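Reviewing the structure listed below.
In the UniProt record's numbering, the protein residues as written are 1 to 299.
This is how it looks when you write it as structure tokens:
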């Protein structure tokens with residue numbers, strides 16, 4: 001497995017965010033811009049091709065007013081705007097409007113990285129249109145990457161909420177998976193939760209596992225991370241070990257059901273139907289465990 005394959009799907013990127021260009025009056029520097037329209041349901045225009053889906057980009061002669069500059073790839077600037085669904089984009093047919101969860105796993109690295117970035121930054125703007133200090137409407141600056149309170153001059157930057165997601169195993173052939181009541185029937189996943197103020201990611205792993213299923217864990221180790229813009233999370237992936245003799249005690253407000261699964265159970269067709277979709281870091285970490293390719297426990 002290559003280094004790139006060890007990264008979750010949405011953690012791969014093929015474009016330069018060109019952050020210094022955000023300071024320029026024209027981040028595109030006079031070049032035509034490819035613009036992605038994201039509607040209110042977080043879906044985007046997609047074409048189905050022989051090698052899989054691709055995003056339908058609008059070709060604009062310059063950066064549109066109100067667009068967020070995403071960066072560039074191969075000398076081409078990219079941007080994103082909020083907009084409405086349409087059957088065509090700049091004369092190009094749209095086969096469907098789909099979200100990151102729907103097509104993210106099948107997009108190429110460039111489209112997937114740009115889509116995750118576009119959804120996250122536009123969601124930030126939608127949810128933070130007023131200053132938390134004065135309640136006044138903010139002004140948008142730096143090509144969409146800062147907001148400013150017009151009264152105090154205070155700058156606000158896009159926020160990301162850190163969350164931990166962890167595979168808990170018994171040091172052998174079993175792993176704990178849980179399910180929430182709102183999930184589709186039969187869907188199980190590894191455990192997850194948000195990092196609280198004043199807490200390290202490793203401490204959050206131990207706390208969340210004990211709160212959700214009543215297990216005390218050791219050997220907490222980082223595996224990988226993944227942006228998850230629903231709306232603004234960064235998933236920090238870990239693996240941890242729990243004594244399999246401990247009794248599972250579920251928090252009913254968090255977990256409807258949880259139990260130990262063996263590798264053989266998860267490798268069967270029924271088991272595969274129960275695991276998270278391939279776009280998620282949960283599936284990425286679970287697949288590494290199934291193939292016994294997680295980082296070794298330090299001795």
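Even for Gly, the Cβ is constructed at its ideal location relative to N, Cα and C.
Remember, predicted model here, so these are calculated numbers, not experimental data.
Any C-beta of chain C under 9 Å from that of residue 294: No chain C appears in this structure, which consists of one protein chain only.
Quick check on DSSP: helix, strand or coil for residue 179? strand
So the beta strand (DSSP E) residue 147 belongs to, where does it begin and stop? 146–148
Return helix, strand or coil for residue 204, following the three-state DSSP convention. helix
Would you mind reading off the limits of the alpha helix (DSSP H) that contains residue 281? 281–290
Quick one: what's got a C-beta closer than 8 Å to residue 54's C-beta in the same chain, skipping five residues either side? 46, 47, 107, 108, 111
From this set, 23, 232, 100, 27, which residue's C-alpha is nearest residue 194's C-alpha? 232
By the 10 Å Cβ neighbour count, where 16 or more other Cβ atoms means buried, how is residue 278 classified, buried or exposed? exposed
For residue 256, which residues of its own chain have a beta-carbon under 7 Å away from its beta-carbon, when the five flanking residues on both sides are left out? 179, 180, 181
Quick one: what does DSSP say residue 169 is sitting in, helix, strand or coil? Assigned with DSSP and collapsed to three states, residue 169 falls in strand.
Are there three or more Cβ pairs, one per stretch, closer than 8 Å when the segment 259–266 is compared with the segment 85–95? no
Taking Cβ to Cβ, would you say residue 80 is nearer than 9 Å to residue 35? yes
So what does DSSP say about residue 294, is it helix, strand or coil? coil
From which residue to which residue does the beta strand (DSSP E) around residue 71 run? 68–73
Straight-line Cα distance separating residue 253 from residue 93: 45 Å
Run through the segment 234–282 for me and flag every whole beta strand (DSSP E) of 3 or more residues, listed as ranges in chain order. 257–262
Do residue 224 and residue 305 come within 9 Å of each other at the CB atom, strictly closer than that value? Outside the shown range of the chain (1 to 299) lies residue 305, about which nothing can therefore be said.
With distance defined between alpha-carbon atoms, name the residue in 146, 212, 132, 249 nearest to residue 303. Only positions 1 to 299 of the chain appear in the structure, and residue 303 is not among them; the question remains open.
Those residues which DSSP pairs with residue 226 across a bridge: 235
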